[in-house]
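> I am attaching a structure below and will ask some questions about it afterwards.
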Amino acid sequence: MMVVQNTALGDGSIDIKKQHGFEMSYLYEYLEGGQKVDKEDVSAKFDMALEFSQDIEGRPYVEWEYNTDLFDKATIQRLQRAFGFVMQQVLDQPELSVDEVMLIDPKEQDTILHVFNQPIGEVETHSLVHLLQPAIAKHADRVAVRDAHNALTYGELWQQAQGYAQAILQSTEAPRVGIYMQRSVEILPAILGVLLAGKTYVPIDVKYPEERVRYIAEDASLSVAITDAASASTLQTICPGITTLVPETLSSSAEV
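Sequential numbering from -14 applies to the sequence shown in my numbering.
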């Protein structure tokens, strides 16, 4: 809730909203003259409330009221530090845009990034192709992927992927290859073939409007795309400059 009193910022209307699972109240009071009187302990009306005002010498201050069932003192103190850090940046550099304002100070940022995130151990960085090879060699005759109409064993998956990879390497030196296919098991060897060739695949849904397909192809600078027999003519019509690779025309015996 935000309440603005005695200012030109609003008419005192109340807007209650739930923010990240708890309610917050912001109250700004501009009172001329008078003397500040500390409040006695009271029950919090909101999960968290911030009251902005000025003392008798005109110095601004903020009072925090919070629900102790939801927050402990340490959490509120951390929020206060973060709030103060944000306010100080805005006051020191009023020309800052919102995306340039840091939410936590450099010391706390360093703690989060380097103290709380110490590496647990070394992680081996292998490609997806490298990780799949042992399973393919061990379970060549087992079903790797299945849809409502077809299935591929690990051996067939790998064999088709090699065919795609060879065709890609013979067709283009570009870093990206499009995949424009109906949803089926045939998409998996196409993806694996692109990765095996050391390229990046760009998926294009066959249900996309022509303008969208053309935009993706141009934006990715595609010169080659893997497609199926049912979709090849459509892609050639939309993007006549793209070479299409269709499964039925590929060799699957070569080693890459």
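The beta-carbon is built from N, C-alpha and C at its ideal position, and this holds for glycine as well.
Per the DSSP calculation, PRO45 is bridged to which residue(s)?
Beta-bridge pairing links PRO45 to GLN39.
> Shorter than 7 angstroms, the distance from the beta carbon of PRO232 to the closest heavy atom of the ligand FMN, or not?
The model depicted lacks the ligand FMN and carries no ligand whatsoever.
> Please go through the region 94 to 148 and give each complete beta strand (DSSP E) segment of 3 or more residues, from N-terminal end onward.
Here the runs fully enclosed are 128 to 131 and 136 to 138.
> According to DSSP, is ILE176 part of a helix, a strand, or is it coil?
Of the three classes helix, strand and coil, the one that applies to ILE176 here is helix, per DSSP.
> Apply the 10 Å Cβ neighbour rule to ILE41 and answer buried if 16 or more other Cβ atoms are within range, or exposed otherwise.
ILE41 comes out exposed.
> For ASP84, count neighbouring C-beta atoms within 10 Å of its own C-beta (all shown protein chains included) and say buried if the count is 16 or more, exposed if not.
Looking at its Cβ environment, which holds fewer than 16 other Cβ atoms inside 10 Å, ASP84 is exposed.
> What does the Cβ neighbour count give for GLN147, buried or exposed, with the cut at 16 atoms within 10 Å?
Per the 10 Å Cβ criterion, buried.
> Is the beta carbon of PHE56 less than 8 angstroms from the beta carbon of VAL47?
It is not a contact, given that the beta carbons lie outside the stated cut-off.
> Closest to ASP132 by CA distance: which of LEU113, HIS124 and SER169 is it?
Looking at the Cα atoms, SER169 is the closest of the given residues.
> I need the DSSP call for LEU76, collapsed to helix, strand or coil.
Residue state, collapsed to three classes: helix.
> In angstroms, rounded to a whole number, what distance separates the CA positions of MET(-14) and GLU50?
With a pLDDT of only 36 at MET(-14), under the threshold of 50, the placement of this residue in the model should not be trusted; the figure read from the coordinates follows. Those two C-alpha atoms are separated by around 14 angstroms.
> Which residue's Cα is closest to the Cα of ALA152: MET166, LYS192 and GLU233?
It is GLU233 whose Cα lies nearest to the Cα of ALA152.
> Could you please give the first and the last residue of the uninterrupted alpha helix (DSSP H) stretch that includes ILE223?
Run containing ILE223: 214 to 223, per the alpha helix (DSSP H) assignment.
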